[in-house]
Amino acid sequence: MSSPSLLLSRLSLAATAVLSAVKRGLSARPCLFACNRLTLQPSRLLRLNLTRLSLTLLVGGTLTGYAHAGKLAIVIDDVGYRPADQAVMRLPLPVTVAILPVAPHAARMAEQAAKQQRDALIHMPMQPRGSTRVEAGALHTGMDAAAVRRTLEQALQVVPHARGLNNHMGSAATADPALMQLLMQELKARHLLFLDSRTTAATVAESTARRFGVPTLRRTVFLDDNNSLTKVQAEFQRAVSMARHKGWAVAIGHPRPNTLKVLQEGLAHLPADVQLISLRALIAELPADGKPPAASTGTGTGTGTGKHNRAPSSGLRQPGPIIEPTRTSTPATTEANSTAEPSTAPNKPNRTPSNETGVVGLEQLDLLPAPTSVPPYRHLPLLRGQRED
């Protein structure tokens, strides 16, 4: 990766070489150089060539550094609980929003993200461990294929421009192979990606997604497990460091004041060797031999009121029109994230649908228009005080 010191070193070496050439021959006799009908003496020719050389090295080094910069993707969960969540839309466009389809302001936030051409995910409620009760509209163990399909279709009516899906809670659901297989079949059919939020170390979601050819990555950092300003700042810096040294990082946060403050300031002052990028673009650009960094560890307690450059659009069909659902407002509730343990990194992808060891590319990533035959999504009361394990 190019750095200012490396560029200066290149310029110094190049200048030394040119000066040596001048001493050997150019300075011994006049050097005629036709340029706009002017005859240049050696000193003017030297300055001209050095300027050209400097520009070439600077532009080339900058572009090379940009191409090889560490990639940082940011996803904001739980969007749609409050009108104030609109503050998320003022973050840079590469920041992806994960919209909870049962939230009272979900459809409006989804429409605003679409108008901005900002990537959005469905933040799908999923069954946590330690409770037999499940949130409204959640995926839970024991569902059959028809129920999984119906639940996803209802969520797509609220967030019809979704590029994919990540899990809201779900320590039980994402650890259930049968349920994850049914979900990935549906995501594959709709050309949607999946982000494993890793609310449990026992998750099989990412590996199942790869097995079914669903574009997938995992969360590596939770920004606001601890919502204090200093802790959020520390986690953001850890994500930046991970992107710089490991090659990429995916950080998840929530639309809370401290998180938004840290992101607004931090993303405006990213180091030159770290590039903010959308999740979708990160999946497309991840090197074939790139190994994801281990997921972070920490017990998170997200609240219901708060839980880039744009990706290349070639090969992606434009989604259908936004369908406004019938919904009733419900109060914000509390949900939590869990301890996330490191797991083994996926191996080199071969970018085939049956690939079980790599990240599938975006040539397959697309979105079908939201179905219109499913009844509008009903926003039912959410559970309060529920904690992820």
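In the working numbering, the protein residues as written are 12 to 400.
Every residue, glycine too, gets a C-beta built ideally from N, C-alpha and C.
DSSP, read as helix, strand or coil, puts residue 209 in coil. Taking 8 Å as the cut-off, the beta carbon of residue 100 is found closer than this to the beta carbon of residue 123. Excluding the 5 residues flanking it on each side, residue 193 has same chain C-beta neighbours closer than 6 Å at 156, 159, in chain order. Residue burial annotation: residue 239 is exposed, with fewer than 16 other C-beta atoms found within 10 angstroms of its C-beta. Of the candidates 116, 183, 225, 224, the residue whose Cα lies closest to the Cα of residue 211 is 183.
Separation of the CB atoms of residue 83 and residue 288 is rounded to 7 Å, and the pair is thereby assigned contact status at 8 Å.
For residue 95, the closest of 112, 107, 252, 117 by C-alpha to C-alpha distance is 117. The straight-line gap separating the alpha-carbon atoms of residue 223 and residue 253 is approximately 28 Å. Listed in chain order, the non-local C-beta contacts of residue 145 below 6 Å within the same chain comprise 138, 151, local neighbours out to five positions each way being set aside. Looking at the DSSP output, residue 136 bridges to 179. Counting of Cβ neighbours within 10 angstroms places residue 214 among the buried residues, the total reaching 16 or more.
Residue 86 places its beta carbon less than 8 Å from that of residue 177.
A straight-line Cα-Cα distance of about 12 Å links residue 290 and residue 207.
Sixteen is the threshold: when 16 or more other Cβ atoms of the shown chains lie within 10 Å of the Cβ of residue 91, as they do, the residue is buried. Note on residue 276: under 16 other CB atoms within 10 angstroms of its CB, so exposed under the neighbour-count rule. By the Cβ-count criterion, residue 171 is buried, with 16 or more other Cβ atoms from all chains shown falling within 10 Å of its own Cβ.
Here the alpha carbon of residue 165 sits roughly 18 Å from the alpha carbon of residue 191. Out of 227, 149, 260, 186, the CA that lies nearest to the CA of residue 203 is found in 227. Nearest to residue 286 by alpha-carbon distance, out of 266, 255, 201, 274, is 255. According to DSSP, residue pairing for residue 87 in a beta bridge involves 108, 264.
Distances from the CA of residue 280 to each of 110, 244, 111 were compared; the closest alpha carbon is that of 244. Of all alpha-carbon atoms in 201, 272, 268, 262, the one lying nearest the alpha-carbon of residue 105 is that of 262. The alpha-carbon of residue 246 is positioned some 31 Å away from that of residue 147. Under the criterion of beta carbons closer than 8 Å, residue 235 and residue 267 qualify as touching, at roughly 6 Å.
Within the same chain, and ignoring the five residues on either side of residue 264 in sequence, the residues whose Cβ sits closer than 6 Å to its Cβ are 87, 234, 235, 270. When DSSP states are grouped into helix, strand and coil, residue 216 belongs to the helix group. In this structure, DSSP gives residue 229 an extended state, which the three-state scheme calls strand.
Under the three-state reduction of DSSP output, residue 145 falls in the coil class, being neither helix nor strand. In the DSSP assignment, the residues bridged to residue 286 are 82.
Beta bridge pairing from DSSP links residue 131 with 108. Taking 8 Å as the cut-off, the Cβ atoms of residue 225 and residue 260 do not count as close. Beta-bridge pairing by DSSP links residue 204 to 175. Residue 135 holds the alpha-carbon nearest to the alpha-carbon of residue 113 among 135, 186, 180, 107.
Restricting attention to 125, 169, 229, 273, the CA atom closest to the CA of residue 248 is found in 273.
Ranked by Cα distance from residue 219, the first of 163, 185, 297 is 185.
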